[in-house]
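Below: the structure, in structure tokens.
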Amino acid sequence: MDVVLTKTVLGLDLGSHSHKAVELRQGFRGLEFVQAHSCPAEPTDPSDGETLPTFLRAHEFSTDNVACALSGQRVANRRLDFPFRDSKKLSQAVPFEIEGNMPFSFEDTIVDWQLVAGERNHGIVATSVAQKQDVSDFLETLEAAGCSPRILEAEGLVLGNLAAVFDLPGIRLLADIGHRKTTVCLCIDGKPAAGRTVPIGGNTITAAIAQDMNIDHDAAERAKCAIGFLGEAESSGGSRAVAAIDRIARELVRSFDSLDPTEGSLMDHPDSQIVLLGGTAQMDGIEGYLETRTGVPTRRLSSPDDPAKSSLLGGCNPVLFGPALALSLRSSSQALTQFNFRQDEFSYRSSYAWLLGPELRPTLVLSLVSLFLAGLAGIVSLQLESSRAMRLEGQMASRYAAIFPDRTVPSHPLAALSLEVASARERANFLGLYGGNLSALDLLTLLSELIPYDLTLKFDEINIDQNVIRIKVAAQNYEAQDRLENVLKSESVFASADVSGSAKRLKDGSVTFGLSIPLNQTKDEI
């Protein structure tokens, strides 16, 4: 059985008209599509009631790695310029810059930022500020639905994650025209640069149609979705509906100007383009109308040409599921944004129950078996070493008893033998057994062999230390002393011997003198 470690990520787009979810699987080989679904939202509060938990349970979405976005109407976005781009300096400068422009207490807010452009001595930072109460309320609602997101992004800039899948070169203004609001994200060369949200969307157009045609809201919604409605409204004088769409066009133009991180106008850039997303973007003819009103080429978001990237949509409509896909990509390895309002007291608290899941269960079992085998190997190794030590101790005890049969075997025979060897070495050194190439006993034996039989000598005293042998010699006369000196000089071993020390004549006519034979002789002297 092949064990593949994967992570399932869920992008949850909570709209005021419908909820969309895109689930991807992150593996070693990249991302793959799992499922995508949508459901109508609650008419009063899209995040309230049983709609969301029922939706999640019905499709068995994995909620271990969920990414959501806080509504742009609850987030303040700003672009800040700094004369540096060092991340440590920016982390200190951004809160200071934001604090002076907040209409409420800074301690009640959460600030997050991302460096979106800049050079060595210049940094452009996109910042998002949300009130803690709004974050708390949003998280409580999701947790009540059994879905605690790991990532809580800022609506707007998160759309820039689509650049990881869709080809968005040059200047691209992603416009998610939703039911109650329009959220835009400016991308420059495939990188998100800024985002904003304006409180106008498809519901505004529907209300205008209802007034123009004097019909109810549901009928106006059906009329809005009819093919060719926009052209008919423009030609028949549907002033309110057209004015609502014109307002969206003006906000898109304003977004180019307000989100422009450069000194020039992005409207004049030859590669500028508006890319439409959201339910209202499916309105027939809206892309052509907005292009006419803004003067900027406008198109709907379409599937990428790359089959591998297109497979991440699973055949879903990218216009509808684009925002949910962007959130799902935010939780993957291809994320381009890093905003997350789950900070400080709202930080995500990980649950490790997933370690017991079916995907990691074989790995967990193998790890436990490895730990058991490692512990067993350690115990066996200790037992073998203990047995070897006991065997060696017994051998040393037997050896000690054989060497010292009249002694009691001590509890630590090896240490006792070491002490006896050290003592024997000291005695041997004292006797000169290891002094030079010949021992003191060897020198005395050689001296006895060299003395002629007719030379009568008597050794009265012999003193041996580690350096020299001292002998007190008694002879018949001084001639014997001279003869001994000549005999010693004939042997190289005694070349350094001294026979002239303390010579005395006794009353009986005999003489005594000292003989010194050094033990520490060099190789040349021997």
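Each residue of the sequence shown is one higher than the one before, starting from 516 at the first, in the working numbering.
Every residue, glycine too, gets a C-beta built ideally from N, C-alpha and C.
Alpha-carbon to alpha-carbon, residue j and residue i
i            : j            : result
residue 488  : residue 1005 : In this structure the chain extends from 516 to 1041, so residue 488 is not present and cannot be described.
residue 732  : residue 845  : 36 Å
residue 730  : residue 673  : 37 Å
residue 665  : residue 744  : 42 Å
residue 938  : residue 885  : 51 Å
residue 881  : residue 565  : 41 Å
residue 1000 : residue 935  : 41 Å
residue 925  : residue 887  : 40 Å
residue 843  : residue 795  : 22 Å
residue 995  : residue 980  : 26 Å
residue 536  : residue 819  : 20 Å
residue 704  : residue 681  : 12 Å
residue 1009 : residue 1034 : 10 Å
residue 966  : residue 997  : 12 Å
residue 923  : residue 929  : 14 Å
residue 576  : residue 858  : 25 Å
residue 525  : residue 597  : 35 Å
residue 634  : residue 710  : 21 Å
residue 878  : residue 601  : 41 Å
residue 919  : residue 911  : 12 Å
residue 896  : residue 890  : 10 Å
residue 852  : residue 728  : 44 Å
residue 921  : residue 905  : 24 Å
residue 553  : residue 541  : 22 Å
residue 527  : residue 773  : 28 Å
residue 957  : residue 900  : 46 Å
residue 909  : residue 982  : 40 Å
residue 561  : residue 679  : Confidence at residue 561 is low in this model, with a pLDDT of 48, below 50, so the placement of that residue should be treated as unreliable; the coordinate-derived value is given next. Rounded to whole angstroms, residue 561 to residue 679 spans 29 Å at the Cα level.
residue 969  : residue 1015 : 21 Å
7 Å Cβ shell around residue i - same chain, five flanking residues per side excluded
i            : result
residue 555  : 533
residue 1012 : 1003, 1030, 1031, 1032
residue 766  : 697, 713, 715
residue 808  : 761, 764
residue 694  : 530, 531, 532, 716, 717, 718, 794
residue 797  : 834
residue 599  : 636, 638
Beta-carbon gap between residue i and residue j smaller than 8 Å
i           : j           : result
residue 856 : residue 627 : yes
residue 548 : residue 829 : yes
residue 706 : residue 609 : no
residue 787 : residue 675 : no
residue 529 : residue 692 : no
residue 903 : residue 932 : no
residue 669 : residue 643 : yes
residue 579 : residue 523 : yes
residue 638 : residue 605 : yes
residue 677 : residue 539 : no
residue 551 : residue 831 : yes
residue 816 : residue 838 : no
residue 595 : residue 614 : no
residue 898 : residue 546 : no
residue 629 : residue 836 : no
residue 699 : residue 708 : no
Same chain, Cβ closer than 8 Å to residue i, five either side skipped, listed in chain order
i            : result
residue 1027 : 975, 987, 988, 989, 990, 1017, 1018, 1019, 1021
residue 1024 : 991, 992
residue 663  : 578, 581, 654, 657, 863
residue 972  : 966, 988, 989, 990, 995, 999
Residue i - containing beta strand (DSSP E), residue span
i           : result
residue 592 : 590-597
residue 623 : Taken as a continuous stretch (DSSP letters only), residue 623 belongs to no beta strand (DSSP E), as it is neither H nor E.
residue 616 : No beta strand (DSSP E) contains residue 616, which DSSP labels as neither H nor E.
residue 978 : 972-979
residue 552 : 545-555
residue 534 : 533-542
residue 692 : 686-692
residue 925 : Here residue 925 belongs to no beta strand (DSSP E), and DSSP marks it neither H nor E.
Residue range of the alpha helix (DSSP H) that includes residue i
i           : result
residue 910 : 876-918
residue 513 : Because the chain here runs from 516 to 1041, residue 513 falls outside it and cannot be looked at.
residue 957 : 955-965
residue 740 : 732-740
residue 663 : No alpha helix (DSSP H) holds residue 663; DSSP gives it neither H nor E.
Same chain, Cβ closer than 6 Å to residue i, neighbours up to 5 away in sequence not counted
i            : result
residue 813  : 789, 802, 805, 806
residue 660  : 567, 568
residue 1044 : Any property of residue 1044 remains undetermined from this structure, which presents the chain solely from 516 to 1041.
Chain C within 8 Å of residue i, Cβ atoms only
i           : result
residue 684 : Absence of chain C from the displayed structure is noted, only one protein chain being present.
Three-pair Cβ contact test at 8 Å for the stretch 819-827 versus the stretch 723-734: no
- Task: Please determine if the stretch 619-626 and the stretch 645-654 are in contact, where contact requires at least 3 C-beta pairs separated by less than 8 Å.
- Result: yes
Count the CB pairs spanning the stretch 612-619 and the stretch 579-586 that are closer than 8 Å, and state whether there are at least three. no
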